[in-house]
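> Under the numbering used here, residues -19 to 351 are what the sequence shown spells out, in order.
Got a structure here, written out as structure tokens. Questions coming.
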Amino acid sequence: MRLLPVLLVAALLSACSDDEPDVPEPEGTWTRGADLPLSPRWFPQVGWTGSEVLVVGGSDSVEPDDTGGGPGDALADGAAYDPETDTWRAIAAAPIPIEYYYRTGMVGDTMVVLATGDGRATQWLAYDAGEDVWSELPDAPREAGDFGALVVDGTSVLAPSRRLGYVMKLDVATGSWSVLPPDDVSPRLDVYGVATDESDVLLCGPDPAIEEDGNTPRFVVVDKWDGSSWTRLPQSHQLGCPTHWTGERFVNSDIQTAPGLDGNPPEGGRLDPGTGEWTDLPNAPDVETRLPDSITANAAAGPLVAGWGYLYDDQDGSWTPFGRPDSPVDGATGAAIVDRRLLVFGGRDEDAGYDGGAGLSDQTWIWAPPD
-19 MRLLPVLLVA ALLSACSDDE PDVPEPEGTW TRGADLPLSP RWFPQVGWTG SEVLVVGGSD
41 SVEPDDTGGG PGDALADGAA YDPETDTWRA IAAAPIPIEY YYRTGMVGDT MVVLATGDGR
101 ATQWLAYDAG EDVWSELPDA PREAGDFGAL VVDGTSVLAP SRRLGYVMKL DVATGSWSVL
161 PPDDVSPRLD VYGVATDESD VLLCGPDPAI EEDGNTPRFV VVDKWDGSSW TRLPQSHQLG
221 CPTHWTGERF VNSDIQTAPG LDGNPPEGGR LDPGTGEWTD LPNAPDVETR LPDSITANAA
281 AGPLVAGWGY LYDDQDGSWT PFGRPDSPVD GATGAAIVDR RLLVFGGRDE DAGYDGGAGL
341 SDQTWIWAPP D
């Protein structure tokens, strides 16, 4: 008789475990590359030149703050990594420390850096990897907003305003600015994102025709500049702006939803700029289930986007969980996608505390997808 309670408990535990969602098993393989020739650091800025990965700035210390801890003073040094030979070379130091929240974009083998403060641009810099030279670029002719990333349009970077409807273009080679005709579509967008396929320019923001009431989703809309005029595309059914161009469509790969809004709408989705058609992310992992145990690494290149512990391939709609390397690092890494591989640099072990350089990494890890 005494065995009955034990059997009942075992049965209940078994039933509960059967109800638990399965954690996706990681796929692919991790290998360790040559360590950075720099101090251990978190949040470095990263860019791919076509032959090397530039790793610049970040911070090599952790300072306690009201939320636990954050990056200490930023760094100005950097290095370049050749993934074919697994070797590093030193590069010229930046003229200013490169903070983790600065924005970067690659124009050929040149890294453009936008220094920001209080939500606006404060200084423009460029690092020419071929010449190993930093230079200061001219200020924008008008105020530019901070949209989370620099968007490259061929040989230029785009710098839109948030509310005034104009988009500026900086030609990196010549250092000259030009301004597109203002977005005159009414009602005017409050711009949250900008994107380009190197033909059209897209400004994106919450639909201004939808009033914010705390319950109704403010789905995003896009105004498109086709080289001659601005037009507003049909309303989406997603909350986030699609800012990454895959070569076929614009994508926001955020798998989160907003359960506090009517209908629990998705954050991410896709836009075909030619037809104006919006579609859901195909085969997106259910955010309500457990995410894979993974190092945090975010990067995008062509049809591939890394985030949320998955490598998303927009060509076939697949999501491959990449897991974590044999390292205590949890996140705050710099990352790049090169030849379908995910390269991860530096980062921090979240269990190491909030003092000095505790838990910071100078390691390089390379993930290759399964065959």
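Note that the Cβ used here is the ideal one computed from N, Cα and C, for glycine as well.
1) Would you mind giving the Cβ-Cβ distance between G254 and P222, rounded to the nearest angstrom? I have them listed as a contact below 8 Å.
2) For D203, name the three-state secondary structure that DSSP assigns.
3) Let me check one thing: in DSSP terms, what residues is Y292 bridge-paired to?
4) Can you grab the Cα-Cα spacing for the pair I235 / R12, in whole Å?
5) Anyone know if the C-beta pair for V181 and V132 falls short of 9 Å?
6) One question on the structure: do P63 and L323 come within less than 9 Å of each other, judged by their Cβ atoms?
7) Helix, strand or coil: how does DSSP classify E43 here?
8) Could you tell me the alpha carbon to alpha carbon distance between G155 and P24, rounded to whole angstroms?
9) Is the beta carbon of A60 less than 9 Å from the beta carbon of V35?
10) Do E116 and L105 have their beta-carbon atoms positioned less than 9 Å apart in this structure?
11) Whole angstroms are fine: how far does the CA of D126 sit from the CA of G49?
12) Apply the 10 Å Cβ neighbour rule to A286 and answer buried if 16 or more other Cβ atoms are within range, or exposed otherwise.
13) Ends of the beta strand (DSSP E) at V87?
14) Compare the C-alpha of Y80 against each of V92, T102, G52 and A72 and name the closest.
15) Run the CB neighbour count on L16, radius 10 Å, all protein chains shown included, and call it buried at 16 or more, exposed below.
16) Please report the residue range of the beta strand (DSSP E) in which T67 lies.
17) Between the beta-carbon of A129 and the beta-carbon of G85, is there less than 9 Å?
18) What is the C-beta distance between I78 and A54, in whole angstroms, given that I count them as a contact (C-beta under 8 Å)?
19) What does the Cβ neighbour count give for N263, buried or exposed, with the cut at 16 atoms within 10 Å?
20) What separation, rounded to the nearest whole angstrom, lies between the Cα atoms of W225 and P283?
21) Would E178 be called buried (16 or more neighbouring beta carbons within 10 Å of its own) or exposed?
22) What is the residue span of the beta strand (DSSP E) that N232 lies within?
23) Please report the distance separating the alpha-carbon of P167 from that of T135.
24) Tell me whether the beta-carbon of L138 lies closer than 9 Å to the beta-carbon of T176.
25) Using DSSP with H/G/I as helix, E/B as strand and the rest coil, what is D331?
26) State the CB to CB distance for the pair G8 and G314, rounded to an integer number of angstroms; the pair is presumed to be in contact (CB under 8 Å).
On the basis of the supplied data:
1) The count along the sequence shown starts at 1 and reaches residue 254 at position 274. The count along the sequence shown starts at 1 and reaches residue 222 at position 242. P222 and G254 do not touch by the CB rule: their CB atoms are close to 14 Å apart, not below 8 Å.
2) Looking up residue 203 in the sequence shown gives position 223. Strand.
3) Residue mapping note: residue 292 aligns to position 312 of the sequence shown, counting from 1. Per DSSP, the beta-bridge partners of Y292 are V285 and W299.
4) By one-based count along the sequence shown, residue 235 stands at place 255. By one-based count along the sequence shown, residue 12 stands at place 32. Their Cα atoms are separated by approximately 29 Å.
5) For the purposes of this step, residue 181 is taken as residue 201 along the sequence shown, with counting starting at 1. For the purposes of this step, residue 132 is taken as residue 152 along the sequence shown, with counting starting at 1. Using a Cβ distance threshold of 9 Å, V181 and V132 do not count as a contacting pair.
6) For the purposes of this step, residue 63 is identified with residue 83 of the sequence shown, where counting begins at 1. For the purposes of this step, residue 323 is identified with residue 343 of the sequence shown, where counting begins at 1. In terms of Cβ geometry, P63 and L323 form a close pair [threshold 9 Å].
7) The residue you call residue 43 lines up with position 63 of the sequence shown. DSSP places E43 in strand when its eight states are reduced to three.
8) By 1-based counting over the sequence shown, the position of residue 155 is 175. By 1-based counting over the sequence shown, the position of residue 24 is 44. Those two C-alpha atoms are separated by around 25 Å.
9) Position 80 of the sequence shown, counted from the first residue, corresponds to residue 60. Position 55 of the sequence shown, counted from the first residue, corresponds to residue 35. Taking 9 Å as the Cβ cut-off, A60 and V35 qualify as a contacting pair.
10) Translated into the one-based positions of the sequence shown, residue 105 becomes position 125. Translated into the one-based positions of the sequence shown, residue 116 becomes position 136. Judged by their CB atoms, L105 and E116 are nearer to each other than the 9 Å cut-off.
11) By 1-based counting over the sequence shown, the position of residue 49 is 69. By 1-based counting over the sequence shown, the position of residue 126 is 146. Rounded to whole angstroms, the gap between the alpha carbons of G49 and D126 is 24 Å.
12) For this step, residue 286 is matched to residue 306 along the sequence shown. A286 comes out buried.
13) Within the sequence shown, numbered from 1, the residue matching residue 87 stands at position 107. The continuous beta strand (DSSP E) containing V87 extends over residues R83 to V87.
14) Here residue 80 is taken as the residue at index 100 of the sequence shown, counted from 1. By alpha-carbon distance to Y80, the top candidate from V92, T102, G52 and A72 is G52.
15) Here residue 16 refers to the residue found at position 36 when the sequence shown is read from its first residue. Buried is the call here.
16) Here residue 67 refers to the residue found at position 87 when the sequence shown is read from its first residue. Element bounds for T67: T67 to A70.
17) Your numbering for residue 129 matches position 149 in the sequence shown. Your numbering for residue 85 matches position 105 in the sequence shown. Yes, the pair counts as a contact, with Cβ atoms nearer than the cut-off.
18) Translated into positions along the sequence shown, residue 78 becomes position 98. Translated into positions along the sequence shown, residue 54 becomes position 74. So it is a contact: roughly 6 Å between Cβ atoms.
19) Stepping through the sequence shown from its first residue, residue 263 is reached at position 283. Exposed is the call here.
20) Numbered from 1 along the sequence shown, position 245 holds the residue referred to as residue 225. Numbered from 1 along the sequence shown, position 303 holds the residue referred to as residue 283. Rounded to whole angstroms, the gap between the alpha carbons of W225 and P283 is 8 Å.
21) For the purposes of this step, residue 178 is taken as residue 198 along the sequence shown, with counting starting at 1. Burial call: exposed.
22) Numbered from its first residue, the sequence shown carries residue 232 at position 252. Residues F230 to N232.
23) The residue you call residue 167 lines up with position 187 of the sequence shown. The residue you call residue 135 lines up with position 155 of the sequence shown. Taking the straight line joining both Cα atoms gives about 32 Å.
24) Translated into positions along the sequence shown, residue 138 becomes position 158. Translated into positions along the sequence shown, residue 176 becomes position 196. A contact, by the Cβ cut-off of 9 Å.
25) For the purposes of this step, residue 331 is taken as residue 351 along the sequence shown, with counting starting at 1. For D331, the secondary structure class from DSSP, reduced to helix, strand or coil, is helix.
26) Here the question's residue 8 lines up with position 28 in the sequence shown. Here the question's residue 314 lines up with position 334 in the sequence shown. Not really, about 19 Å apart at Cβ, beyond 8 Å.
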